[in-house]
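>
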Amino acid sequence: MDYTVAMQRAITLSEKGLGKCAPNPIVGAVIIDSAGNVIGEGFHDRMNSADHAEIVAIANAGKAAMGATLIVTLEPCNHLGQTPACTGAIIDAGITTVVYAVSDPNPVASGGAAKLQSAGINVVTGVLSDEASYSNRAWLTKITKKRPYFIWKVATTLDAKIAASDGSSKWISNEVSRADVQRLRRQSDAILVGTNTVVADNPHLIPRGDFKGYTHNPIRVICGEQQLPKTSQVFDDAAQTVVVKSKDLTQLVAKLNELELNQVFVEAGSTFASALMAAGLLDELVIYQAPTLLGAGKTFYQNEDNTTIEDLMRLKHISTEVLAGDIKSVYLVAGGI
6 MDYTVAMQRA
16 ITLSEKGLGK
26 CAPNPIVGAV
36 IIDSAGNVIG
46 EGFHDRMNSA
56 DHAEIVAIAN
66 AGKAAMGATL
76 IVTLEPCNHL
86 GQTPACTGAI
96 IDAGITTVVY
106 AVSDPNPVAS
116 GGAAKLQSAG
126 INVVTGVLSD
136 EASYSNRAWL
146 TKITKKRPYF
156 IWKVATTLDA
166 KIAASDGSSK
176 WISNEVSRAD
186 VQRLRRQSDA
196 ILVGTNTVVA
206 DNPHLIPRGD
216 FKGYTHNPIR
226 VICGEQQLPK
236 TSQVFDDAAQ
246 TVVVKSKDLT
256 QLVAKLNELE
266 LNQVFVEAGS
276 TFASALMAAG
286 LLDELVIYQA
296 PTLLGAGKTF
306 YQNEDNTTIE
316 DLMRLKHIST
326 EVLAGDIKSV
336 YLVAGGI
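Heads up, the sequence shown is in our numbering, so the first residue is 6 and it goes up one at a time.
#1: Could you pull the start and end residues of the alpha helix (DSSP H) that K370 belongs to?
#2: Report the residue ranges of all beta strand (DSSP E) runs contained in full by the segment 63-118; include only those spanning at least 3 residues, in chain order.
#3: How many whole angstroms separate the CB atoms of A55 and N267, which I take to be in contact at a CB cut-off of 8 Å?
#4: Between the segment 145-156 and the segment 114-121, are three or more C-beta pairs nearer than 8 Å?
#5: Whole angstroms is fine: what's the gap from N179's alpha carbon to W157's?
#6: Cα-Cα, which of F48, I95, V61, D50 is closest to M71?
#7: Secondary structure at G341, three-state DSSP: helix, strand or coil?
#8: Would you mind reading off the limits of the beta strand (DSSP E) that contains L189?
#9: Indicate whether N65 and G86 have their beta-carbon atoms separated by less than 7 Å.
#10: Output the distance between the C-alpha atoms of T74 and C91, rounded to the nearest integer angstrom.
#11: Alpha carbon to alpha carbon, what distance is there between S334 and Q192?
#12: Of all the alpha helix (DSSP H) runs that stay within the bounds of the segment 9-47, which reach a length of 4 or more residues?
#13: For S174, which of helix, strand or coil comes out of DSSP?
#14: Kindly indicate which three-state DSSP category F216 falls into: helix, strand or coil?
#15: Count the other C-beta atoms from every protein chain shown that fall within 10 angstroms of the C-beta of S182, then say buried if there are 16 or more, exposed otherwise.
#16: Can you tell which of A243, T202, L197 has its C-alpha closest to the C-alpha of R213?
#17: Can you list, in chain order, the residues of its chain whose CB lies under 7 Å from that of N308, leaving out five sequence neighbours each side?
#18: Straight-line CA distance for R51 to A205?
#19: Is N83 closer than 7 Å to G116 when the C-beta atoms are compared?
#20: Using C-beta distances below 6 Å, list every residue in its chain close to V170, excluding the 5 sequence neighbours before and after it, in chain order.
#21: Got a sec? Which residues, its chain only, sit under 8 Å from L189 by beta carbon, not counting five neighbours each side?
#22: Do Y8 and I76 come within 7 Å of each other at the CB atom, strictly closer than that value?
#23: Using the Cα positions of D215 and S39, report the straight-line distance between them to the nearest angstrom.
#24: Rounded to the nearest angstrom, what separates N201 and T276 at their Cα positions?
#25: For the beta strand (DSSP E) that contains A168, what are its first and last residues?
#26: Taking G330 as the reference, give the member of T297, T304, K250 with the closest Cα.
#27: Answer yes or no: do A69 and T162 have a C-beta to C-beta separation smaller than 7 Å?
#28: Does I126 come out as helix, strand or coil in the three-state DSSP assignment?
#29: By the three-class DSSP mapping on this structure, what secondary structure does L287 have?
#30: Under a Cβ-count criterion, where at least 16 other Cβ atoms within 10 Å of its own Cβ denotes burial, should A259 be classed as buried or exposed?
#31: Among V203, G218, Y219, which residue has its Cα nearest to the Cα of V226?
#32: Whole angstroms is fine: what's the gap from E265's alpha carbon to N29's?
#33: Suppose you measure from the CA of S108 to the CA of E80; what does that come to, to the nearest Å?
#34: For A195, which residues of its own chain have a beta-carbon under 6 Å away from its beta-carbon, when the five flanking residues on both sides are left out?
So, in structure tokens, the structure goes:
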């Protein structure tokens, strides 16, 4: 049987858990009968339930799960954590075939495939593994690199300016682009800026818009040594705010790991964000490029050590789309997944 359509559905389901699952991975699951009909599905939504995607899908399928096939984006877990191991529930449900995309790299939870096979369940691996890995790239990066996944958002003119010479920057991108930024904020576990951004712009750093199913906002993380006004919007009760009063990025990463984050959305200015890039801490770049020219002003990336064309930093292009005239492009930084 071709499982790619069902796996694509499972990947789509998994992404509904973005911003809701940390420190767990996003996972989607679909159960099909012998004719390929979907009889159950689910995704992990830790913000609202402890149940893993497989458990949700099995409950959704009910007794029809007996003799059925489970398609899941990540190898079912085989350990007792806040919930029982998913392998036990799969065996108890009478599922006869399990298809998964990506093997679990977390040694604490791995071994699910072997457990299922020992119970006589047919196991198929590697279906749409690249697509599922990209979808779950934040958690996979956290497991392999021992730090969260950093996404840097930039709104710029065609000549790479993020602000005019007088510091004004509202608004370079259009309303459609800014609404898309709110979605990316909502899908992240934390929003990171430097102290200079808070002093200069007094941002709120809260996702705007109607996002159903989210019970709390991303953590606001402020890094730097400048004294912050006590009246800054980031100190209201709309979300948790953590201040790392240091320019030491090692201390920053340690605090982010302590918070058990999967994905960090960087909305910092060019100085701080360029420092993150130089330290190898930026995994993804999302650029909203407006059809405008400014001439003078501040560019979004700074690296005075790059003096020849051989110093070019080459990025991996992932996607480009037009947002009401603005061009949104997504790139992976070298060394990512």
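Ideal Cβ positions, reconstructed from N, Cα and C, are used throughout, including at glycine.
According to the structure shown:
#1: Within the shown structure, residues of the chain are numbered from 6 to 342, placing residue 370 beyond reach of any answer.
#2: Complete beta strand (DSSP E) runs here, min 3: 74-79, 102-107.
#3: For this step, residue 55 is matched to residue 50 along the sequence shown. For this step, residue 267 is matched to residue 262 along the sequence shown. The Cβ separation is near 17 Å, so there is no contact.
#4: In short, these stretches do not touch, since the Cβ pair count stays below three.
#5: On the sequence shown, position 174 is the one that residue 179 refers to. On the sequence shown, position 152 is the one that residue 157 refers to. Taking the straight line from one Cα to the other gives about 18 Å.
#6: Sequence index remark: in the sequence shown, residue 71 carries index 66 (1-based). Minimum Cα distance to M71 is reached at I95.
#7: Here the question's residue 341 lines up with position 336 in the sequence shown. Note that G341 scores 46 on pLDDT, short of 50, meaning its location in the model is unreliable; the coordinates nonetheless yield the value given after this. If DSSP states are grouped into helix, strand and coil, G341 belongs with coil.
#8: If you number the sequence shown from 1, residue 189 lands on position 184. From DSSP, L189 is part of no beta strand (DSSP E) but of the alpha helix (DSSP H) over 180-191.
#9: By one-based count along the sequence shown, residue 65 stands at place 60. By one-based count along the sequence shown, residue 86 stands at place 81. In this structure, G86 does not lie closer than 7 Å to N65 by Cβ.
#10: By one-based count along the sequence shown, residue 74 stands at place 69. By one-based count along the sequence shown, residue 91 stands at place 86. Each residue's alpha carbon lies about 15 Å from the other.
#11: Sequence index remark: in the sequence shown, residue 192 carries index 187 (1-based). Sequence index remark: in the sequence shown, residue 334 carries index 329 (1-based). The straight-line gap from Cα to Cα measures roughly 18 Å.
#12: The segment 9-47 contains these whole alpha helix (DSSP H) runs: 9-19.
#13: As a first step, residue 174 must be located in the sequence shown, where it is residue number 169. The answer is coil: DSSP assigns S174 none of H, G, I, E or B.
#14: Counting from one through the sequence shown, the residue named residue 216 turns up at place 211. Three-state result, F216: coil.
#15: Taking the first residue of the sequence shown as 1, we reach residue 182 at position 177. Counting every other CB atom within 10 Å of its CB across the protein chains shown gives S182 a total of 16 or more, marking it as buried.
#16: As a working note, residue 213 is residue 208 in the sequence shown. Ranking the options by Cα distance to R213, first place goes to A243.
#17: To locate residue 308, count along the sequence shown from 1; it is residue 303. Excluding sequence neighbours, N308 sits near S279, A283.
#18: Numbered from its first residue, the sequence shown carries residue 51 at position 46. Numbered from its first residue, the sequence shown carries residue 205 at position 200. When the Cα atoms are used, R51 and A205 turn out to be separated by approximately 35 Å.
#19: The residue you call residue 116 lines up with position 111 of the sequence shown. The residue you call residue 83 lines up with position 78 of the sequence shown. Their beta carbons are under 7 Å apart, which means G116 touches N83 by this criterion.
#20: Indexing the sequence shown from 1 puts residue 170 at position 165. Rather than Val, the amino acid found at residue 170 in this sequence is Ser. These residues qualify, in order along the chain: A301, G302.
#21: Mapped onto the sequence shown, residue 189 falls at position 184. Sequence-distant Cβ neighbours of L189 in its own chain, meaning closer than 8 Å and more than five residues away, are I156, K158, F270, V291.
#22: The residue labelled residue 76 in the question sits at position 71 within the sequence shown. The residue labelled residue 8 in the question sits at position 3 within the sequence shown. A contact, by the Cβ cut-off of 7 Å.
#23: Within the sequence shown, the letter at position 210 stands for residue 215. Within the sequence shown, the letter at position 34 stands for residue 39. One alpha carbon belongs to D215, the other to S39, and they sit about 39 Å apart.
#24: Indexing the sequence shown from 1 puts residue 201 at position 196. Indexing the sequence shown from 1 puts residue 276 at position 271. Each residue's Cα considered, the two are about 9 Å apart.
#25: Taking the sequence shown and counting its residues from 1, the one referred to as residue 168 is at position 163. 166-168 is the extent of the beta strand (DSSP E) around A168.
#26: For the purposes of this step, residue 330 is taken as residue 325 along the sequence shown, with counting starting at 1. Nearest of T297, T304, K250 to G330, Cα basis: T297.
#27: Residue numbering aside, residue 69 sits at position 64 when the sequence shown is read from its first letter. Residue numbering aside, residue 162 sits at position 157 when the sequence shown is read from its first letter. Judged by their CB atoms, A69 and T162 are not nearer to each other than the 7 Å cut-off.
#28: Position 121 of the sequence shown, counted from the start, is the residue given in the question as residue 126. Three-state DSSP puts I126 in coil, outside helix and strand.
#29: Your numbering for residue 287 matches position 282 in the sequence shown. In the three-state reduction of the DSSP assignment, L287 falls in the coil class.
#30: For the purposes of this step, residue 259 is taken as residue 254 along the sequence shown, with counting starting at 1. The residue is exposed, with fewer than 16 neighbouring Cβ atoms inside 10 Å.
#31: Within the sequence shown, numbered from 1, the residue matching residue 226 stands at position 221. Looking at the Cα atoms, V203 is the closest of the given residues.
#32: Numbered from 1 along the sequence shown, position 260 holds the residue referred to as residue 265. Numbered from 1 along the sequence shown, position 24 holds the residue referred to as residue 29. Using only the alpha carbons, I get a separation of about 9 Å.
#33: As a position in the sequence shown, residue 108 is number 103, starting the count at 1. As a position in the sequence shown, residue 80 is number 75, starting the count at 1. The straight-line gap from Cα to Cα measures roughly 5 Å.
#34: As a first step, residue 195 must be located in the sequence shown, where it is residue number 190. The residues are P223, I224, V226, L266, V269.
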